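Data block below; observations after.
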Amino acid sequence: MSETISQSLMRLDAPDKIAGRAKYVADLKMKDCLFALTVRSPIAKGKILQVSLPAMPEGYQVVDHRDIPGENIVKIIYDDQVIFPVDEVKYIGQPILLVVGPDKRIVERLAKAIKIEFREEQPVFAWENSVIRYQFTKGEGDAPFASAANTISYTYTTGYQEQAYMEPQGFIGHYDRGKIVLVGSIQCPYYVKNALIRALACDPDKVRVIQAAVGGAFGGKEEYPSLIACELAVAINKIKKPIKLIFEREEDMLVTTKRHPAQIKLAAAIGADGAIRALRAHVGIDAGADIGLSGVVLSRAMIAATGAYTIDNLAVSGDVYLTNTVPTGAFRGFGAPQMLFAIEMFIEHIAKDLGRDPLAYRLDYLAKQHDKTSTSGVFRDPILMPEMVEKAMAMSGYAAKSERYPREAGYRGIGMSFFLHGCGFTGSGEAKTIKAKVKLEKDSEDLVHILIAAVDMGQGVHTAMRKLVASIMEIPIETVIYDYPDTDQVPDSGPTVASRTMMIVGGLVARAARALKESFIPGQHQVAEEQYVQPDYIKWDEDTMQGDAYPAYSWGVTVVEVAVDPHTYQVNLEHAWSVYDCGKAIDELMVLGQADGGLAQGIAYGCLEVMEHDQGKIRQKNLTDYIIPTASDVPAMTTMLIDNPYPLGPYGAKGVGELTLVGGAPAVAKAIEMAINKRITKIPATPEAIMELIKHG
Amino acid sequence: MAKIEFTLNGEVRQVDIDPTIRLLDYLREDLDLTGTKEGCGEGECGACSVLFDAEVANSCLVPMGNVAGHDIVTIEYFSRTERYRILEKAFLEQGAVQCGFCTPGMIIAAESLLRKKPKPSDAEIKIGLSGNLCRCTGYNMIIAAIRQAAKEGEGLW
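As you go down the protein sequences, you meet chains A and B in turn.
Using my numbering, the letters of the first sequence correspond one by one to residues 74 to 770.
Using my numbering, the letters of the second sequence correspond one by one to residues 33 to 189.
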């Protein structure tokens, strides 16, 4: 079957989803279940002076910081996020307490009647309070600037992006003989479990976390659910009854994590021959009020500083700024979309400023196998970008169109982005922090159970993992079982993030499947376990950010064609073409589905999706204000997958989920740039932004 | 409270209910018909789509008082039909399902569209789906599925 692994299966979880039988968390019911609603801070910064409760009917109560048995901390990376504040709030929407009771309407009424008196303080919205600063250099760093013939500098700005998964966040939980059990819409069962252990100060066997069907996540259900879970677990621990906490859309949009707004300053030292001698980059990102995952987001952004290119001398620095705004966090791409937009536009802008042909100039700098990465690691595996660019150009008619459209000045444009995405956790994350474990268990009926913590949030883990095991063991897929992960059943194979699931977790599952196949005894209960071991040639120094930041890279080329309306400046997306190298597709149709969906998000990031705050309050509070693409907005898409098997991935698979997003924004921005003949340095390039550029340059 | 008579999934029902309750809540909370999803609660996403006299409607915007005398069909009932089987097959084969949260609503919207336009153009499919948001697929595979269903189900709509 190995030759045909990419051949598509129909998704095994789809029939239940189509018929509405799949159970998402809001669909779950428990007897005598109570409802919880969160009371939140209406101010961006201040002290809580007094909380006045209305008369609480019997069976209704509030839950706050005083009810936390363990530490008042949501375990993420830094211990700076509280579950419930004691006496100070630092952003609008920060949870202060829960109101819990049997009737949802009465809970709502009580929550509205709670009066909280604050002493407001001056909030900080400017990017001045840096809490994390990283830097690294490559080659001679920025020394070549001293002798450069010319320096070219641009600053690129990106806004918030909201994950806008269709299913809002939520959990339902109950108390089961001394144990707290939570079922939720989550990406990372063990992140939640570990956060609960700390909040409840309990033994690991006193909390159990189960994934429900997840209605989309895109990073938004990576770290944020740990906060909701801690709040709810504290309530269940106090009340000892089932409680449901489901966000409304407005609440979800206003208070959950979003993509970090970024400002990226790039400067290039140009030699007399027009070549780039060195690049200087500074990446600033807005963490909001808690650091959360921002340090890791920053490092991924910085490491992507040269995009798909090789530049020999580099000086890269970055800052995470704290502000009194809603915390930002994980979102598909994780820092890379901001940086890829910036570097893709920058190389194009350098070429234009120098009067060079942008495409030829960019092709000259494309990374090649054995080149040094931005962090002086090595691109070990073959890089097929020249062939991929050629295919993308042929499919899209890029050469003729890019020659014709500027000449015709007919408000049409075509843009092409080159990009890569580091697969798996950055740096030593896999080896030192995650240490993924997987388990295959064959029961006496020869059914093989895949025991991993990787969740299906729409990307297809359920089908892909079963297919992988069935294919390796050469057994019918019906005899391979995958259930929603339950921390009482599965080992910690790590979070479902970072395009790591198939390459890392799937790689371990494949090894376990081979072991189980070799030792197969019919009718006997057998177990195969595997744990991640970093290949010893992968070296990474956390402090200096030097070495191999990732074990492997996926690559892509995306072309987008647009027509800009000359009167309304509406951007009509005509077509998008992409070529991806994700190693080997474990299921072609599922990879193409990732490609379509990721690109739609990436293009919308570049030209459609606007989210802003006004004095700390998010202005787009629902799907009417925050525009995501409809069926009428997306372009037709043509995608080609190139086989380039990665030796350590199962059947050669590398990461795919995030790759497909990162090329969208620069491709559409370049297309718009061609259509209007102005430099785009800020996304989203909305009609208003385009009008501003046309009228005022 | 008000007495309301209507048809739900082929059965005439008489209920005594607060007429301001949303049809969506009645379906999900009172009847446990959870195939109809709540994505936004404001008529923007279409996850709560039901057939209201054979037209796609957002059940989050329909108070029970407005249901009186009308015919409501949810995914649970529609999924017993031959037309559903054609749509299901097409959605499966085209890869039109990822997280699945929007899918029942998409199926309902597709049924409503195909009833009106059994041979829709791509532009008509896009307009027919424009009240239903999907964040996973980028829509192209859903559009292809409806194209396929229209072809394979010719004569059924």
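Each residue gets a CB set at the ideal place from its N, CA and C atoms; glycine is no exception.
In this text the structure is predicted, and so the values were computed from the model without any measurement.
Please classify residue i as buried or exposed, where buried requires at least 16 neighbouring CB atoms within 10 angstroms.
| i | result |
| --- | --- |
| B/K35 | exposed |
| A/S75 | Interpretation of A/S75 is limited by its pLDDT of 45, a score under 50 that renders its predicted location unreliable; the figure taken from the coordinates is listed afterwards. Burial call: exposed. |
| A/E304 | buried |
Between the alpha carbons of residue i and residue j, how many angstroms are there, rounded?
| i | j | result |
| --- | --- | --- |
| A/A645 | A/T379 | First, the amino acid is wrong: residue 645 of chain A is Asn here, not Ala. Distance between the alpha carbons of A/N645 and A/T379: 30 Å. |
| B/K151 | B/C80 | 25 Å |
| A/L732 | A/A668 | 8 Å |
| B/C92 | A/K185 | 22 Å |
| A/K657 | A/Y238 | 27 Å |
| A/F683 | A/A585 | The residue you asked about is not Phe; residue 683 of chain A is Val in the sequence shown. Roughly 45 Å between the two C-alpha positions. |
| A/V570 | A/L269 | 20 Å |
| A/A403 | A/A335 | 14 Å |
| B/E156 | A/L371 | 44 Å |
| A/L126 | A/I187 | 5 Å |
| B/I175 | B/G71 | 21 Å |
| A/A302 | A/V280 | 11 Å |
| B/S111 | A/R271 | 45 Å |
| B/G73 | A/D430 | 51 Å |
| A/I487 | A/Y623 | 32 Å |
| A/A748 | A/N310 | 59 Å |
| A/I594 | A/V600 | 11 Å |
| A/C275 | A/V632 | 52 Å |
| A/I507 | A/G567 | 6 Å |
| B/L124 | A/L122 | 57 Å |
| B/D85 | B/I104 | 6 Å |
| A/G770 | A/G428 | 19 Å |
| A/L387 | A/T617 | 14 Å |
| A/S469 | A/L672 | 16 Å |
| A/E131 | A/V307 | 20 Å |
| B/P95 | B/K121 | 33 Å |
Can you confirm whether residue i, when its beta carbon is compared against all beta carbons of chain B, has any partner nearer than 7 Å?
| i | result |
| --- | --- |
| A/L662 | yes |
| A/R84 | yes |
| A/R322 | yes |
| A/M74 | Legend: pLDDT at A/M74 = 40, less than 50; position of this residue unreliable, value from coordinates given subsequently. It does not: the Cβ of A/M74 has no partner Cβ on chain B nearer than 7 Å. |
| A/M239 | yes |
| A/S572 | no |
| A/N645 | no |
| A/V534 | no |
| A/V729 | no |
Output yes if chain A places a C-beta closer than 7 Å to the C-beta of residue i; else output no.
| i | result |
| --- | --- |
| B/I107 | yes |
| B/K151 | no |
| B/C72 | yes |
| B/C92 | no |
| B/F84 | no |
| B/T113 | no |
| B/A141 | no |
| B/C134 | yes |
| B/A34 | no |
| B/A79 | yes |
| B/Y171 | yes |
Specify, as a first and last residue, the run of the beta strand (DSSP E) that residue i falls within.
| i | result |
| --- | --- |
| A/M710 | 709-714 |
| A/E190 | 188-193 |
| A/C680 | Taken as a continuous stretch (DSSP letters only), A/C680 belongs to no beta strand (DSSP E), being part of the alpha helix (DSSP H) at 661-680. |
| A/V282 | 280-284 |
| A/T228 | 223-231 |
Which residues bound the alpha helix (DSSP H) around residue i?
| i | result |
| --- | --- |
| B/Y116 | 114-126 |
| A/A92 | Taken as a continuous stretch (DSSP letters only), A/A92 belongs to no alpha helix (DSSP H), as it is neither H nor E. |
| A/M489 | Note, A/M489: premise wrong, no alpha helix (DSSP H); beta strand (DSSP E) at 485-496. |
| A/R480 | 471-481 |
| A/I309 | 297-312 |
Is residue i near the ligand MG, with its Cβ less than 6 Å from a heavy atom?
| i | result |
| --- | --- |
| A/G292 | The model depicted lacks the ligand MG and carries no ligand whatsoever. |
> On the three-pair Cβ rule with 8 Å, is the stretch 91-110 of chain A touching the stretch 66-73 of chain B?
Replying inline: yes
> Do three or more CB pairs link the stretch 473-481 of chain A to the stretch 535-552 of chain A at distances below 8 Å?
Replying inline: no
>> Under 8 Å: do the stretch 188-199 of chain A and the stretch 314-332 of chain A share three or more Cβ pairs, one atom per stretch?
In response: no
>> Within 8 Å, do at least three Cβ pairs link the stretch 703-721 of chain A to the stretch 648-662 of chain A?
In response: yes
>> With a threshold of 8 Å, are at least 3 pairs of Cβ atoms found where one atom belongs to the stretch 356-371 of chain A and the other to the stretch 146-165 of chain A?
In response: yes
> Pairing CB atoms from the stretch 164-181 of chain A with CB atoms from the stretch 98-116 of chain A, are three or more of them under 8 Å?
Replying inline: The stretch 164-181 of chain A makes contact with the stretch 98-116 of chain A; the number of CB pairs closer than 8 Å reaches 3 or more.
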